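Shown next, in structure tokens, is the structure this report addresses.
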Amino acid sequence: MAVKKVLVVDDSATDLKNLEQICAGAGYTVITATSGNEAMQKVRTEMPDAVLLDVIMDDMNGFQVCRAITSDQATKHIPVVLVSGKGEKTDRIWGEQQGARAYITKPFTAEQILAQLRAL
Amino acid sequence: MEALEPHGSASAPAAEPAAVVGTSAESTEAQAAAQTHGYMCFRVGPLGLLFHSDAAREVLAPPPVSRVPHTAPWLQGLTNVRGELVPVVDTAAAFGVARDARARPYLLIFGQGEAAVGLLIDGLPRLFDPGAAVPRPTPAELPNLLAGSVIGACEHDGRTWLDIDVDRLLDALARHAPHA
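Here the protein sequences line up with chains L and D, keeping their order. All residue numbers for the first sequence refer to the numbering used here, where the first residue is 1 and numbers rise by one. All residue numbers for the second sequence refer to the numbering used here, where the first residue is 1001 and numbers rise by one.
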């Protein structure tokens, strides 16, 4: 499925802007959220083609948001890519067990993000 | 046992709880299972425990802890997880069993904010397919701190797995943690 609309979720304004610019610059339609709860709301209302999801957030963390997206019949088809500063092998394993399609460790490059979106 | 009925569509029974991801094929299998079923499992010594995966927050390598005086011996102390103080429970000690010394310990964190609690477990949690398990009566003898939290049991690959209500377990641990 060709990804056109991407939901970017990050509670860091800097990282959010960076990801937004990378995706928008490549022609994707970008919507944003700054918390897990807002992400869940936008996933349901906007139905993005993919989600780039930070892990460390104050309310629901990215693992929990990912689990909620991938276990909901209405949203389980939406691929989730975790983008996190947590780079332990345990985090990758846990992320995949929550249904994430891929795991990108911060700091990332624009090419890493775009290659992953193209691969979905 | 109702609590262990599969969620959503059935998938092929697995001989083992889905393996920790290592290859792309395994990864795809784990993701598919994760999206179909809501259960994960972990081990504490001889005990196998199931929980609904929504309950768990994350898994960490055991971090350093600071002991808190006048608490139960099984409460190892508090750890700082990104600025959040999280009680760390030596789960094997709390249940009165010996941990599996061959397995690498991990800290499985449930709950958010002030309600967050970390349980030390043996090995990583794994996906669990309840469709591949056979319901069994709940064992009559269970550790005191665990007994009130067990809502069902099943057998899978020769091991008994106890289905636990995580909220009840955390409540029981919180009630018994102060120990002057």
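C-beta atoms are modelled at their ideal positions from N, C-alpha and C, and glycine is treated no differently. Note that the structure is a prediction, hence the values are computed from the model and not measured.
Contact with chain D is absent for L/S35, since none of that chain's Cβ atoms lies less than 8 Å from the residue's Cβ. Using a Cβ-Cβ cut-off of 8 Å, D/G1077 does not count as an interface residue toward chain L, since no Cβ of chain L sits closer than that to its own. Apart from sequence neighbours up to five positions away, the residues of its chain that approach L/Y28 with a beta-carbon distance below 8 Å are V3, K4, K5, V6, L117, ordered along the chain. Residues of the segment 1052 to 1079 of chain D with a C-beta atom less than 9 Å from some C-beta of chain L are S1053, D1054, A1056, R1057, E1058, V1059, L1060, A1061, listed in chain order.
Secondary structure of D/W1074 (DSSP, three-state): coil. Contact check for D/H1156 and D/A1133: beta-carbon distance about 4 Å, within the 8 Å limit, so the pair qualifies. Listed in chain order, the non-local C-beta contacts of L/G85 below 6 Å within the same chain comprise K106, local neighbours out to five positions each way being set aside.
Pairing L/L53 with L/T32 gives a Cβ-Cβ distance that is not under 8 Å. The CB of D/R1082 comes closer than 7 Å to the CB of I56 in chain L, given here in chain order. For L/D49, the number of other beta carbons within 10 angstroms of its own is at least 16, and it is reported as buried.
Within chain L, the C-beta atoms nearer than 9 Å to that of D/Y1106 come from T90, in chain order.
One alpha carbon belongs to D/H1176, the other to D/N1144, and they sit about 11 Å apart. The beta carbons of D/R1057 and D/G1111 sit closer together than 8 Å. At a cut-off of 8 Å between beta-carbon atoms, D/G1048 makes no contact with chain L. Sequence-distant Cβ neighbours of D/L1142 in its own chain, meaning closer than 7 Å and more than five residues away, are V1150.
For D/G1038, the number of other beta carbons within 10 angstroms of its own is at least 16, and it is reported as buried. In terms of CA proximity to D/V1068, D/V1089 leads the group D/T1138, D/A1115, D/V1089. Straight-line spacing of the CA atoms in D/F1128 and D/S1053 works out to 10 Å. Segment contact: the segment 69 to 89 of chain L against the segment 1113 to 1127 of chain D, fewer than three CB-CB distances shorter than 8 Å; contact not assigned.
The contact set of L/Q41 on chain D, defined by CB atoms closer than 8 Å, is empty, because the minimum CB distance reaches about 18 Å. Against chain D, the beta carbon of L/Q64 has neighbours under 7 Å at R1057, listed in chain order.
Three or more pairs of CB atoms, one per stretch, sit closer than 8 Å, so the segment 1088 to 1104 of chain D contacts the segment 1041 to 1055 of chain D. Bounds of the alpha helix (DSSP H) holding D/A1094 are 1091 to 1095.
Contact between L/L120 and L/R92 does not hold, since their C-beta atoms are separated by about 17 Å, which reaches or exceeds 8 Å.
Counted as a single uninterrupted DSSP element, the alpha helix (DSSP H) harbouring L/T90 occupies residues 89 to 97.
Beta-bridge analysis with DSSP links D/C1041 to D/L1050, D/R1126.
As computed with DSSP, D/S1066 is found in a beta bridge with D/L1078. For L/K17, the uninterrupted alpha helix (DSSP H) run begins and ends at 13 to 25, by DSSP. By the criterion of a C-beta distance shorter than 7 Å, D/W1074 is surrounded in its chain by V1089, D1090, A1093, A1094, once the five residues flanking it on both sides are discounted.
Beta-bridge pairing by DSSP links D/H1176 to no other residue. Setting aside the 5 residues that flank it on each side, D/V1065 is surrounded in the same chain by Q1076, G1077, L1078, T1079, V1088, each with a C-beta closer than 8 Å to its C-beta; the list follows chain order.
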